[in-house]
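J.: Chains as they are written, first to last, in my numbering: chain A, 1 to 178; chain B, 1001 to 1178. C-beta atoms are modelled at their ideal positions from N, C-alpha and C, and glycine is treated no differently.
There are 2 protein chains.
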Amino acid sequence: MAKPDTAERILDIAEKAARTGGYNAFSFREIAAEIGIKSASVHYHFPTKEALGEALAERYSGNFFKVLGDPQGAEPAELLKRYVAAYGAALKQDGLMCLCGVFGAEIADLPPPVARATRAFFERNLDWLRQVHCRQGMAPEQAEKAAAHMIAALEGAMILARAMGDAALFDAAVARLS
Amino acid sequence: MAKPDTAERILDIAEKAARTGGYNAFSFREIAAEIGIKSASVHYHFPTKEALGEALAERYSGNFFKVLGDPQGAEPAELLKRYVAAYGAALKQDGLMCLCGVFGAEIADLPPPVARATRAFFERNLDWLRQVHCRQGMAPEQAEKAAAHMIAALEGAMILARAMGDAALFDAAVARLS
DNA sequence: ATTCTCCTATCTATCAGTAGGTAGATAAAT
DNA sequence: ATTTATCTACCTACTGATAGATAGGAGAAT
Chain A
1 MAKPDTAERI LDIAEKAART GGYNAFSFRE IAAEIGIKSA SVHYHFPTKE
51 ALGEALAERY SGNFFKVLGD PQGAEPAELL KRYVAAYGAA LKQDGLMCLC
101 GVFGAEIADL PPPVARATRA FFERNLDWLR QVHCRQGMAP EQAEKAAAHM
151 IAALEGAMIL ARAMGDAALF DAAVARLS
Chain B
1001 MAKPDTAERI LDIAEKAART GGYNAFSFRE IAAEIGIKSA SVHYHFPTKE
1051 ALGEALAERY SGNFFKVLGD PQGAEPAELL KRYVAAYGAA LKQDGLMCLC
1101 GVFGAEIADL PPPVARATRA FFERNLDWLR QVHCRQGMAP EQAEKAAAHM
1151 IAALEGAMIL ARAMGDAALF DAAVARLS
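1. Taking the alpha carbon of A1090/B as the reference point, which residue from I1010/B, S1178/B, A1167/B and A1172/B has its own alpha carbon closest?
2. Mind reading off the beta-carbon distance from L169/A to A1148/B? Whole number of angstroms is fine, and I expect it under 8 Å.
3. Give every residue of the same chain whose Cβ lies closer than 6 Å to the Cβ of R9/A, excluding the five residues on either side of it in the sequence, and list them in chain order.
4. Helix, strand or coil for P1112/B? Go by DSSP, reduced to three states.
5. Here's a check: name, in chain order, each residue in its chain whose Cβ is nearer than 8 Å to the Cβ of F1046/B, leaving out the five neighbours to either side.
6. Give the interface partners of E34/A over in chain B, defined as CB-CB distance under 7 Å, in chain order.
7. Are three or more beta carbon pairs between the region 1120 to 1139 of chain B and the region 131 to 142 of chain A nearer than 8 Å?
8. Just reading off the alpha helix (DSSP H) that N24/A is part of, what are its end residues?
9. Is it true that the CB of M1158/B sits closer than 8 Å to the CB of G1104/B?
10. Leaving out five residues on either side along the sequence, give the residues of the same chain with a beta carbon under 8 Å from the beta carbon of A173/A.
11. Would T1020/B and A108/A be called neighbours here (beta carbons separated by less than 8 Å)?
12. Using 8 Å as the limit for Cβ to Cβ distance, is G1137/B near chain A?
13. Which residues in the same chain as A1002/B place their Cβ atom closer than 8 Å to its Cβ, once the five residues preceding and following it in sequence are excluded?
14. Under a CB-based cut-off of 8 Å, is R1176/B close to chain A?
15. Using a Cβ cut-off of 8 Å, pull out every chain A residue sitting near R1119/B, in sequence order please.
16. Can you find a CB in chain A that lies within less than 8 Å of the CB of D1109/B?
17. Report the CB separation of A74/A from F121/A in whole angstroms; it is logged as a contact under 8 Å.
18. Measuring only the C-alpha atoms, how far is L1110/B from L1177/B?
19. Looking at L99/A and Y60/A, is the spacing between their C-beta atoms short of 8 Å?
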């Protein structure tokens, strides 16, 4: 451990909890206890819970699109495969929900900055997918529908698979996509 | 209002809150305040929160399948249309998430009885859809995939549409289904 | 070199608010 | 008399948040 980097550890712990049980599932005290500091010290790094939630969504989104890469880069078919795989990895490697999927489900009860960051994630997903589909020669209107459909199917597949405790259901649900 | 039927009103209020912000979004105090009784009185009707959560999921599931009807009844194509419309109605009429969709997203943090009732809802969905698809001449293996895909797409479409505050996104996401 | 000042990251201690839950009393209906 | 549905009054636990103290390091001024 070269650098503990407390702020990063806070985000790691909060993300895991949030992706398990939503916005109310992480608390300053629990995070502090897991790191071995006091809850007041967590407030030093993230002044309020909504600031932490917002940072959480922004970091998650950033990491997600870093994995996906440029929508104008690789072959469209390859990019779509990568897109589906990114969701699959979130579910199977981490064993957790998509952070913004959970936040999206409870969006109406989230503090505005967190809701905004969550919306930004989906907007960015729609945009990325629209571009890829257009490169496949799809008309803009169809590309919009196809993009919305893919996001929906993948987020829903994660919920279904986790609810039933059966990761194979994820693959079954998204088999037609890639 | 012939009968206030407190238990039913408790469920109504809890359901609305849960479908907005999840399991932690409803509380005995808030429910009591909205009805005009004391929180202790809510405990009379539902001894614990997990009992209330379980009743919530069971009632929701019951109502849902009452609307859908017998999977061996009407024409398969008509049944599937009805199925998609049922999700659409939950979103557009109530302006709320699917209760079990929200619960599904936070399944790992739910009390076991609530998690069980949530799983039961999805299991029943899978079963209903499998039957309808088989009636369309689909092989069992394909019917399973098609069923999982439909549930996933619809739950995800609700999340996406609500997150973006745009009900049209729901229709866009599920356009290919019906 | 030493001292002064500032910043970082933590601490202790505390607050008001809310959570779910319980015991026991009460009034009305059966 | 018993049951039903409510009440009052309370408990413990936890929430996010704040004020103020502290220790240690970095850089500049003396």
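T.: This is what the structure holds:
1. Measuring from the Cα of A1090/B, the nearest candidate turns out to be A1167/B.
2. Contact between L169/A and A1148/B holds: CB atoms are separated by about 5 Å, below the 8 Å threshold.
3. Exclusion of the five residues before and after R9/A leaves I35 as the residues of its chain whose Cβ lies within less than 6 Å of its Cβ.
4. Residue state, collapsed to three classes: helix.
5. Taken in chain order, the residues that qualify are A1007, I1010, L1052 and A1055.
6. Per Cβ cutoff of 7 Å: no residues; E34/A is ~16 Å from chain B at best.
7. Fewer than three Cβ pairs drawn from the region 1120 to 1139 of chain B and the region 131 to 142 of chain A lie within less than 8 Å of each other, which leaves the two stretches out of contact.
8. Boundaries for N24/A: no alpha helix (DSSP H) harbours it, and the DSSP string shows neither H nor E there.
9. Not closer than 8 Å, so no.
10. Excluding sequence neighbours, A173/A sits near A153, G156, A157, L160 and A161.
11. Going by C-beta atoms, T1020/B is nearer than 8 Å to A108/A.
12. The C-beta of G1137/B comes no closer than 8 Å to any C-beta of chain A.
13. Bear in mind that the predicted position of A1002/B carries a pLDDT of just 33, short of 50, making it unreliable; the figure below should be weighed with that in mind. For A1002/B, there are no CB contacts under 8 Å within the same chain when 5 residues up- and downstream are skipped.
14. Chain A contact via Cβ: present.
15. Around R1119/B, the beta-carbon contacts reaching into chain A at under 8 Å are A163, M164 and G165.
16. So yes, D1109/B belongs to the interface.
17. At roughly 22 Å, the Cβ-Cβ gap does not stay under 8 Å, so A74/A and F121/A are not in contact.
18. Going from the Cα of L1110/B to the Cα of L1177/B covers about 31 Å.
19. The Cβ atoms of Y60/A and L99/A lie closer than 8 Å to each other.
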